[in-house]
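**Student:**
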Amino acid sequence: MMLATFTRPVAFLRNLACLDAGSLQDAFFNEALETFGRFDAPSGDRTHRWELDLHGVCADGASAEEAMANWKRLASQHFPAQDIEDDGFITVHPRMEQRAATAQQGSSHAV
286 MMLATFTRPV
296 AFLRNLACLD
306 AGSLQDAFFN
316 EALETFGRFD
326 APSGDRTHRW
336 ELDLHGVCAD
346 GASAEEAMAN
356 WKRLASQHFP
366 AQDIEDDGFI
376 TVHPRMEQRA
386 ATAQQGSSHA
396 V
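Once you know that position 38 of the sequence shown is 323 in my numbering, the rest is easy, because the numbers rise by one and skip nothing.
What follows is the structure, encoded as structure tokens:
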């Protein structure tokens, strides 16, 4: 369950890149409904801007398209793309310094 909390925003961002303009707004509305977010149109005495709040990232715009573009820009900074493979797992490879330290430890035990 915890993994879904961290990978859902990233997966949503990756999915947006595959959608055409017509499907984009539907995707945002569905994501807002499924994750208790908000996608509010201007109305009454409130602001005259579209407001979008998903996954803790808030954006607004003069049009729905501008609000979605602003949200995508902010969310891509907030949720950096990770290497999520097709199986849904994030593969983490050790850094070169860790590999070198492990190799040195292995050679010292061989004596």
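Where is the CB? At the ideal position from N, CA and C, for every residue including glycine.
Are the Cβ atoms of ASN355 and ALA347 separated by less than 7 angstroms?
**Tutor:** Result no, Cβ atoms of ASN355 and ALA347 do not sit closer than 7 angstroms.
**Student:** In terms of residue numbering, what span does the alpha helix (DSSP H) encompassing ASP311 cover?
**Tutor:** Where ASP311 is concerned, the enclosing alpha helix (DSSP H) stretches over 306-319.
**Student:** Taking only the alpha-carbon atoms, compute the straight-line gap between LEU304 and HIS333 and give it to the nearest angstrom.
**Tutor:** Approximately 27 angstroms between the Cα atoms of the pair.
**Student:** Can you tell which of PHE324, GLU350 and GLY329 has its C-alpha closest to the C-alpha of VAL342?
**Tutor:** It is PHE324.
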